[in-house]
Amino acid sequence: MQHVFSWWNYSNVFHCRSTLPANATLGSRFLACDIVIFDFGLMHRILGTTECVANYLDGGYMRCSWCLEHAAALCLLLACVCCIPRPVWLLWPALFMQSSYVLGMAILTMAIAPKMLEALTREVDQELGIALVSYCTGVSMNWLFTFILWHYYWGMEKKQVEMTEQRI
């Protein structure tokens, strides 16, 4: 969604700027947050970045392609869960994308942990507190979703093995 909005309004794959003036438009505020990594101003506060982390890596192009791939994998997951009785091998794209996403979030968290702890030793205002809670909640919910997804997969795999053994 952010990529479409950015391309439509700024002809840029991800026009994300963390430094916002007081009179910033709603569109600029929408693009100032990196929703994918739950960055609602946290990286700007603790790392001093002026753009989203994705822009420092490659201008947001890999983030855009990753978003498309993850969205496709999650759509396939929904179709499998809702419509297909034994979708074991069709769960692989979602398992791969979600597991790599959570692993990436863990690496990002470990990379920013020293700066995060340093920021927590100073006075924490409401803005930093909300950004930190949003980030931690998002990362935690994604870990939980990954565990649920893997357990669902293992359960479906076990049922498929049991059904195969009954036929033999």
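Position 140, counted from 1, in the sequence shown is what UniProt numbering calls 140; the numbers after and before it change by one each time, with no gaps. Each residue gets a CB set at the ideal place from its N, CA and C atoms; glycine is no exception. Computed from a predicted model, the values in this text were never measured in an experiment.
Take the Cβ of residue i as the centre, count every other Cβ of all protein chains shown within 10 Å, and call the residue buried at 16 or more, exposed below.
i, result
"Ala131", "buried"
"Glu123", "exposed"
"Gln126", "exposed"
"Met110", "exposed"
"Glu51", "buried"
"Gln98", "buried"
"Phe145", "exposed"
"Leu78", "exposed"
"Tyr56", "exposed"
"Cys75", "exposed"
Just how far apart, CA to CA, sit residue i and residue j?
i, j, result
"Thr164", "Cys80", "20 Å"
"Met105", "Val139", "7 Å"
"Val4", "Pro114", "34 Å"
"Ser65", "Trp92", "18 Å"
"Asp34", "Asp58", "14 Å"
"Lys159", "Trp150", "14 Å"
"Cys83", "Tyr152", "15 Å"
"Ser6", "Ala32", "11 Å"
"Ala54", "Glu157", "36 Å"
"Ala22", "Ser28", "11 Å"
"Thr137", "Phe147", "15 Å"
"residue 189", "His44", "The displayed coordinates of the chain run from 1 to 168. Any statement about residue 189 would go beyond what the structure contains."
"Ala24", "Val88", "47 Å"
"Glu118", "Ser18", "20 Å"
"Ser11", "Gln2", "12 Å"
Going by C-alpha to C-alpha distance, which of the options sits closest to residue i?
i, options, result
"Asn9", "Leu74, Phe30 and Tyr153", "Phe30"
"Leu42", "Lys159, Leu128 and Ile84", "Leu128"
"Trp154", "Gly60, Arg86 and His15", "Arg86"
"Ile46", "Gln166, Gln160, Met116 and Ile148", "Met116"
"Glu69", "Cys83, Leu95, Tyr56 and Asn55", "Leu95"
"Val13", "Leu20, Ile37, Thr146 and Tyr61", "Tyr61"
"Glu38", "Pro21, Val161, Val88 and Tyr101", "Here the sequence assigns Phe to residue 38, which means Glu is not the residue at that position. Comparing Cα-Cα distances from Phe38 to each of Pro21, Val161, Val88 and Tyr101, the minimum goes to Tyr101."
"Leu103", "Leu20, Arg17, Ser18 and Asn142", "Asn142"
"Arg63", "Phe40, Val36 and Val161", "Val36"
"Leu108", "Ala73, Val161, Tyr135 and Cys67", "Tyr135"
Completely contained alpha helix (DSSP H) runs for the stretch 8-84, where each covers 4 or more residues: 26-32, 42-47, 53-58 and 61-83
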